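If you want this note's numbering, it's the 1-based position in the sequence shown plus 19.
We treat Cβ as the ideally placed atom computed from N, Cα and C, and that holds for glycine.
These figures come from a predicted structure and were not determined experimentally.
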Amino acid sequence: MNADTLRFMSPSTMVTVDSPLYRPPCFPPPSDWAVSVDSEGAPLSLYSDDFWDFRAFERSATFNFKKDEISDENILLVKQAVLLVLYHPRLFPGRIRSCVYSFSALTKIAKVCDSKGVLISDVEKFPAIHQEIADALQCSFFQSYVNFLHKLRLHSNFLGFEVFGERGLAFLASQIKGHETVQTPYIPPRIWAYQVKRLNECLDDFFEHEKTLENAFSWLSEAYTHNASCVKEVKYHSPFYAPSVYKKRVLFPGGFRVFAEEYGLSELFEKWLGVPSLIFRSTRFSAYLNMVREAALFYIMSFSLQRLNEVNSLRSDCFLVERDERLGDIAMVVGETTKTDPDDDARWVVPGTVKKAVDAASIIAKWRLKYFSGDDSAPEWESGSVPLALAGTEPWLPAKGSYRNSKNELIAQLRLGPFIDRYPLFFDPEEMMVTEEDWRIAVSMTPNIGTREGFDVGLSWPLSAHQLRRTTNVNMFASNMVSDQSLQWLMKHASQKMTLYYGRNYTNLRLNSDAETSVIVESYKKIYRQLASVVVDSFENVRPHSKQMIPIKVVNLVEAGEEQKLTK
Numbered sequence: 020m021n022a023d024t025l026r027f028m029s030p031s032t033m034v035t036v037d038s039p040l041y042r043p044p045c046f047p048p049p050s051d052w053a054v055s056v057d058s059e060g061a062p063l064s065l066y067s068d069d070f071w072d073f074r075a076f077e078r079s080a081t082f083n084f085k086k087d088e089i090s091d092e093n094i095l096l097v098k099q100a101v102l103l104v105l106y107h108p109r110l111f112p113g114r115i116r117s118c119v120y121s122f123s124a125l126t127k128i129a130k131v132c133d134s135k136g137v138l139i140s141d142v143e144k145f146p147a148i149h150q151e152i153a154d155a156l157q158c159s160f161f162q163s164y165v166n167f168l169h170k171l172r173l174h175s176n177f178l179g180f181e182v183f184g185e186r187g188l189a190f191l192a193s194q195i196k197g198h199e200t201v202q203t204p205y206i207p208p209r210i211w212a213y214q215v216k217r218l219n220e221c222l223d224d225f226f227e228h229e230k231t232l233e234n235a236f237s238w239l240s241e242a243y244t245h246n247a248s249c250v251k252e253v254k255y256h257s258p259f260y261a262p263s264v265y266k267k268r269v270l271f272p273g274g275f276r277v278f279a280e281e282y283g284l285s286e287l288f289e290k291w292l293g294v295p296s297l298i299f300r301s302t303r304f305s306a307y308l309n310m311v312r313e314a315a316l317f318y319i320m321s322f323s324l325q326r327l328n329e330v331n332s333l334r335s336d337c338f339l340v341e342r343d344e345r346l347g348d349i350a351m352v353v354g355e356t357t358k359t360d361p362d363d364d365a366r367w368v369v370p371g372t373v374k375k376a377v378d379a380a381s382i383i384a385k386w387r388l389k390y391f392s393g394d395d396s397a398p399e400w401e402s403g404s405v406p407l408a409l410a411g412t413e414p415w416l417p418a419k420g421s422y423r424n425s426k427n428e429l430i431a432q433l434r435l436g437p438f439i440d441r442y443p444l445f446f447d448p449e450e451m452m453v454t455e456e457d458w459r460i461a462v463s464m465t466p467n468i469g470t471r472e473g474f475d476v477g478l479s480w481p482l483s484a485h486q487l488r489r490t491t492n493v494n495m496f497a498s499n500m501v502s503d504q505s506l507q508w509l510m511k512h513a514s515q516k517m518t519l520y521y522g523r524n525y526t527n528l529r530l531n532s533d534a535e536t537s538v539i540v541e542s543y544k545k546i547y548r549q550l551a552s553v554v555v556d557s558f559e560n561v562r563p564h565s566k567q568m569i570p571i572k573v574v575n576l577v578e579a580g581e582e583q584k585l586t587k
């Protein structure tokens, strides 16, 4: 097969366009073609060798094809696949050493195949051995294996064979075992939709009062700053305290309650914060801004498949839109990658509505930055790029040690449980209470959820941030589970673009690998559930599940017809 689209993917300066190693003469290459060179650039390992040595490029980068005593026939097929991974831009993981996961998956499959007298190119034809292969692949990298085999399937025409097809991959995905005692709970659709709607309502209220909030915040910050320059005693920094003394201060008669009423913020604060049991203070303003900031970050998390630390590291310029000729506008959030190697880029595909949340948190961060007095250890703020999770720095707040990120910026700690405790009016306890139907769905998606304390019918669902990622992933591929029509539409269209970007490599950008893997695995789990709901004679590993399994219309990695419509 023509190898013009292939090139040696390692970013090493040892291989140039003129190097024999740069591109194989054909695919698969001749047996005497050199696949690697030594530190002097001389040919080292040949394609026919059972040991490929890439240590001149990366330490410990080797492939020993004879290690597991695989048959010569299957070794040839494994070599073919490994070479494609090394040379294909959509398969190469970023480093040669990282190809060990692909190599490991293939050799484990080949070893099982050899014991049954089967070639790895014929695995899909023999479903009877799929369980044994799943057992052999069972480890903490199992999800990555499924993602790799899915990618290999996408390029099977180039490879010349297919290891696993759709049904085989669906079965493998169904066999992934969590390494936690209890799997992360799936939030019932009604409760998930309710929390999203409340987060959205909070953001809408903020934007409705944005100008008023900004004016009030500016006046209050300037008053405290001025008063601090006039009087050393902290209690007199407040424009509401003891108006009869230190009259050079900026003063506001009537206290903070009257101040909020005059600016038209009293009802807004009471709606979300309630009525304070004692007196109204300026800290009430900060509490409201903190609530909106965290609501914005949880809203982003509800749609981005990000982990807590990833959404907590987003900055005000994180939202971008890529124009795709086939799919139109693709919205993404870009964060700071938490890895030190090139295996992972911090890009996540999101619905366009996420921009609202980014804007809200960004506005609050910039308000606070404007009046940030700082200290000797204050960071040098980049213009136009501030952390969305910037901690409260208002002049009226007491100085306290806050968490600082790698840039020495003050960052608030994002936690959903404490958020609910701090703002008891945010979620209605009645709406959060688990019904019989909620419980039926929760158990069908997380069978052992009953073993975890705090989960049961009649109890308030204990929301936590790590549940959002799993729930969003499921809902992206089963939008009909969410009854709210607007959210259902949003999830369906988001899933189509996510699938094409994460699942079919419809971009030259490197997207977040964890999000990509979770999307691929969840899509195949949905396929398996659909297959498992009926008796499939040709696929003997499928077993029908309980009648209580939720009917789910599977988004099958975007069916061909739908893909054509999307890419016109």
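> Thinking just about the alpha-carbon of each residue, which of Q157, C132, C158 and F161 is nearest to the one in I148?
Replying inline: When only C-alpha atoms are compared, the closest one is C132.
> Candidates R342, L178 and M310: which alpha carbon is nearest R217's?
Replying inline: Of the listed residues, the one whose Cα sits closest to R217 is M310.
> What are the start and end residues of the alpha helix (DSSP H) that includes N234?
Replying inline: From DSSP, the alpha helix (DSSP H) with N234 extends over E229 to C249.
> Quick one: Cα of L239 to Cα of G274, how far?
Replying inline: Taking the CA atoms as reference points, L239 sits about 12 Å from G274.
>> What does the alpha-carbon distance come out to for the pair A384 and G60?
In response: Rounded to whole angstroms, A384 to G60 spans 53 Å at the Cα level.
>> Once DSSP output is grouped into helix, strand and coil, what is the label at G347?
In response: Here G347 sits in strand by DSSP.
> When the Cα atoms are used, what is the spatial distance from R268 to A461?
Replying inline: If I take the Cα positions, the gap works out to 58 Å.
> Based on the DSSP secondary-structure assignment, which residues constitute the bridge partners of L65?
Replying inline: Per DSSP, the beta bridge partners of L65 are A53.
> What residue range is occupied by the uninterrupted alpha helix (DSSP H) comprising T302?
Replying inline: Note, T302: alpha helix (DSSP H), T302 to S323.
>> With distance defined between alpha-carbon atoms, name the residue in F288, F438 and F84 nearest to K130.
In response: Answer by Cα proximity: F84.
> Where in the segment 186–222 do unbroken runs of the beta strand (DSSP E), each at least 3 residues long, occur, reported from the N-terminal end onward?
Replying inline: With a minimum length of 3 residues, no continuous beta strand (DSSP E) run stays inside the segment 186–222.
>> Once DSSP output is grouped into helix, strand and coil, what is the label at L336?
In response: Correcting the residue type first, residue 336 is Asp in the shown sequence and not Leu. If DSSP states are grouped into helix, strand and coil, D336 belongs with coil.
> Cβ of H169 within 7 Å of Cβ of L191?
Replying inline: No, the pair does not count as a contact, with Cβ atoms beyond the cut-off.
> Do you know whose CA, among P272, S140 and F304, lies nearest F635's CA?
Replying inline: Outside the shown range of the chain, which is 20 to 587, sits residue 635, and nothing can be said about it.
> With burial defined as no fewer than 16 other Cβ atoms inside 10 Å of the residue's Cβ, what is the status of F183: buried or exposed?
Replying inline: It is buried - the Cβ of F183 has at least 16 other Cβ atoms within 10 Å.
>> Just to check my reading of the structure: A153 and Q194 have Cβ atoms closer than 8 Å, yes? What is that Cβ distance to the nearest angstrom?
In response: Between Q194 and A153 the Cβ distance is about 4 Å, and since that is below 8 Å, they are a contact.
>> Are the CB atoms of W291 and Q325 within a distance shorter than 7 Å?
In response: No. Outside cutoff.
>> Using C-beta distances below 6 Å, list every residue in its chain close to L415, excluding the 5 sequence neighbours before and after it, in chain order.
In response: The identity of residue 415 in the sequence shown is Trp, whereas the question assumes Leu. Apart from sequence neighbours up to five positions away, the residues of its chain that approach W415 with a beta-carbon distance below 6 Å are Y243 and S301, ordered along the chain.
>> Please report the straight-line C-alpha distance between S404 and L339, rounded to a whole angstrom.
In response: So the two alpha carbons sit approximately 13 Å from each other.
>> Which residues does DSSP list as the beta-bridge partners of N83?
In response: For N83, the pairing in a beta bridge is given by DSSP as F70.
> To which residues does DSSP link V352 through a beta bridge?
Replying inline: F338 and W367.
> What three-state label does DSSP hand S29 in the structure shown?
Replying inline: Here S29 sits in coil by DSSP.
> Are the segment 227–237 and the segment 327–335 touching by the rule of at least three beta carbon pairs closer than 8 Å?
Replying inline: Segments in contact, no.
>> Quick check on V34: buried or exposed, where buried means 16 or more other Cβ atoms within 10 Å of its Cβ?
In response: V34 counts as buried, since at least 16 other C-beta atoms from the protein chains shown sit within 10 angstroms of its C-beta.
> Near F438, which residues of its chain fall below 6 Å by C-beta distance, leaving aside the five closest residues on each side in sequence?
Replying inline: Counting only Cβ-Cβ distances below 6 Å, and skipping sequence neighbours, we find E313.
>> Please report the straight-line C-alpha distance between V493 and V369, rounded to a whole angstrom.
In response: Using only the alpha carbons, I get a separation of about 15 Å.
> Short check: CB of V56 to CB of L65, under 7 Å?
Replying inline: Contact flag unset, no.
> So, are the CB atoms of T81 and D72 less than 7 Å apart?
Replying inline: Their beta carbons are under 7 Å apart, which means T81 touches D72 by this criterion.
>> Just list the residues that DSSP pairs P406 with in beta bridges.
In response: Per DSSP, R334.
> Which value, in whole angstroms, describes the spacing of the CA atoms of V577 and S31?
Replying inline: Confidence at V577 is low in this model, with a pLDDT of 40, below 50, so the placement of that residue should be treated as unreliable; the coordinate-derived value is given next. Going from the Cα of V577 to the Cα of S31 covers about 37 Å.
> Leaving out five residues before and five after L25 in sequence, what residues of the same chain have Cβ atoms less than 7 Å from its Cβ?
Replying inline: Cβ within range, chain order: R42, P43, F46, Y106 and H107.
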